[in-house]
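Chemist: Numbered according to mature numbering (1 follows the signal peptide of the UniProt record, and there is no 0), the sequence shown spans residues -23 to -1, 1 to 447. Below: one structure in structure tokens.
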Amino acid sequence: MLKKLTALLICAVMLSLSVTVNAAENYTKEDISKTIDGIISYKSAILKADDTASFVQKLSETTDNSETQWYIISLSKYGTDVTAVQSSMIKSAEKLYKSKSKATDFQRTSLALYACGLNPENINGKNLLSDGVYNSENVNKQGINAYVYALLSLDCANAKVPSEAKYDREYFIKKIIGLQLSDGGFTLMGKSADTDVTAMCLQALAPYKSDSAVKESIDRALDVLSKKQNEKGGYSSFGTVNSESVSQVISALVALDIDVQSDSRFIKNGNTLVDNLMTFKNSDGGFSHIENGKSNNIACYQALNSLVDLYKYMSKGNTEIFEFDDTKKNNSNSENSRQNTENSNTDSSEVNIDSNNKNNSVNTGDITEKHNSQVDEEQQETTVKPESNNAENYDDQVMALADDNYEPFTLASTPDSVAAANSDDDNNFIFYVSLIGLVAVAAVLLIIRLTVLKKDGEPFRLFGKRKGDK
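Rendered as structure tokens:
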């Protein structure tokens, strides 16, 4: 009896320890800030930059690179002065017109331009938002990624879409909602939700959540993300548990004003999204693609972006994940911006919407009204209606464009991440092939043994003769 009681007591102690270990850690904004600084220090060390100013200067040497542009965007959101990259960013923007650049190249570059205080609607007379978004010739060639970043780049710049434009915000919202899968998520290809793409879509749709159709779409997507979260609080994409997926979901929840450390839908076995993301943090300050892996460039800048979003949310309650400080906004809404809008036959006073007006306009419940004040009242009362689910047609479209690199932000679009995922798939393939081979060899040997024994008239015994057999 005493032994049983002792055993029960030991089990109870172990269970309580287990619960303690699994309890979610409540990270403060100071903790998040230190982690952000660690990523910046890691990247600075790689670039051999001694301080923040020299780090930004190093970034100005590679602004054609998508990774560099994402660092510029995240640093600016964090409050770092990145105006030193302006000259280089202008040159990078002009290069887009000299090569076969994708719509997402224009969209990502627009975000980076705005981040460093430039106006993407007038770069030496060129309008990247027109050419990459609302009058783009190939915005429909990249599918959901282009629709997502079309919205994000328009909203980041508070851009007013001209009435004669080919596409407007409502068009992109309808496209995104129309590609929602039956399980509630979104994907680049296939028929089941991908974590990264679903989170990206939520980031783009978040400012329009007051519209009933958009809210319904968001709720379905949140439900699938909650269900896909694993017991460690993380996610998989392309069959691999990774940090980038967690980063994407954190940014999505921040954009929707959801507390990632307290919302029960996103706490599994006591583990929050932040708890999980921190398991990918290395001693050098960087983040890895997979747990216990080496620090990875893509994992680092995606972790940086999401943690900056979380830091701003914890510090100021900021839910606009592509909002930069007022100084940079004022720079980009300069005389160049006014001149550009005059060329588009629009009133410059209507274009320079300040941050307060932008926030208020999100809550009107009318998608068209958010920025396009030039449409008439009948159009403003239009509510977005989801298009029929054309995921199968979308699959065909994606496969036809298989050589296209889906930029700018999803795990599926990043070469290093895809390589890592493919490497895991290759290892699994080799394992299963080897296992099948061993089973086949064993089966052949067993058949040979049965044949020989049957020929000699001996009974079959798997492990030879029993004791007492002659």
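Glycine included, each C-beta is placed from N, C-alpha and C at the ideal position.
#1: Buried or exposed for Ala30, going by 16 or more other Cβ atoms inside 10 Å?
#2: How many Å lie between Ile153 and Val59 at the Cα?
#3: Could you tell me the boundaries of the beta strand (DSSP E) in which Thr217 lies?
#4: Straight-line CA distance for Leu199 to Glu208?
#5: If I measure Cβ to Cβ from Ser21 and keep anything under 6 Å in the same chain, skipping five residues before and after, which residues do I get?
#6: Could you give the DSSP three-state label for Phe264: helix, strand or coil?
#7: Extract the residue ranges of the beta strand (DSSP E) inside the stretch 214 to 254, only unbroken runs of 3 or more that lie entirely within it.
#8: Assuming the contact rule is C-beta atoms closer than 8 Å, Tyr19 and Ser228 should be a hit. Round their C-beta distance to whole Å, please.
#9: Roughly how many whole angstroms lie between the Cα atoms of Ser69 and Lys103?
#10: On the three-state DSSP scale, how would you describe Val103?
#11: What first and last residue would you give for the alpha helix (DSSP H) that runs through Ser292?
#12: Please list, in chain order, all residues of the same chain as Thr40 whose beta carbon is under 7 Å from its beta carbon, the five residues on each side excluded.
#13: Val231 and Asp286 - do their beta-carbons sit closer together than 9 Å?
#14: The alpha helix (DSSP H) with Phe83 in it runs from where to where?
#15: Would DSSP call Tyr144 helix, strand or coil?
#16: Tell me Lys204's beta-bridge partners as DSSP assigns them.
#17: Which complete alpha helix (DSSP H) runs does the stretch 45 to 77 hold, if anything under 4 residues is left out?
#18: Can you tell me which of Phe299, Tyr288 and Lys293 puts its alpha carbon nearest to the alpha carbon of Thr5?
#19: Do Val116 and Val125 have their CB atoms nearer than 9 Å?
#20: Cutting at 6 Å between CB atoms, please list the residues of its own chain near Val174, excluding the five before and the five after it.
Modeler: With the given structure in hand:
#1: Answer is exposed; the Cβ neighbour count stays below 16.
#2: If you draw a straight line from the Cα of Ile153 to the Cα of Val59, it is about 32 Å long.
#3: Counting along the chain, Thr217 sits inside the beta strand (DSSP E) bounded by residues Thr217 to Asn219.
#4: Cα to Cα, Leu199 sits roughly 17 Å from Glu208.
#5: Counting only residues of its own chain and dropping the five nearest sequence neighbours on each side, Ser21 has a CB closer than 6 Å to the CB of Phe32.
#6: In the displayed model, Phe264 falls within a strand according to three-state DSSP.
#7: Counting only runs of 3 or more, we get 217 to 219.
#8: Distance from Tyr19 to Ser228 at the Cβ level is roughly 20 Å; contact not present, criterion being Cβ atoms closer than 8 Å.
#9: Those two C-alpha atoms are separated by around 12 Å.
#10: Checking the sequence, you will find Lys at residue 103 rather than Val. Under the three-state reduction of DSSP output, Lys103 falls in the strand class.
#11: Element bounds for Ser292: Asn274 to Lys293.
#12: Taken in chain order, the residues that qualify are Gln46, Val62, Ser65, Met66 and Ser69.
#13: The Cβ-Cβ distance between Asp286 and Val231 falls below 9 Å.
#14: For Phe83, the enclosing alpha helix (DSSP H) begins and ends at Ala80 to Ala92.
#15: In the three-state reduction of the DSSP assignment, Tyr144 falls in the coil class, being assigned neither a helical nor a strand state.
#16: As far as DSSP is concerned, Lys204 takes part in no beta bridge.
#17: Segments of the alpha helix (DSSP H) lying fully in the stretch 45 to 77: 63 to 72.
#18: In this structure, Tyr288 is the residue among Phe299, Tyr288 and Lys293 with its C-alpha nearest to the C-alpha of Thr5.
#19: Between Val116 and Val125, the C-beta gap is not smaller than 9 Å, which leaves the two residues out of contact.
#20: Setting aside the 5 residues that flank it on each side, Val174 is surrounded in the same chain by Phe163, Thr164, Leu165 and Thr387, each with a C-beta closer than 6 Å to its C-beta; the list follows chain order.
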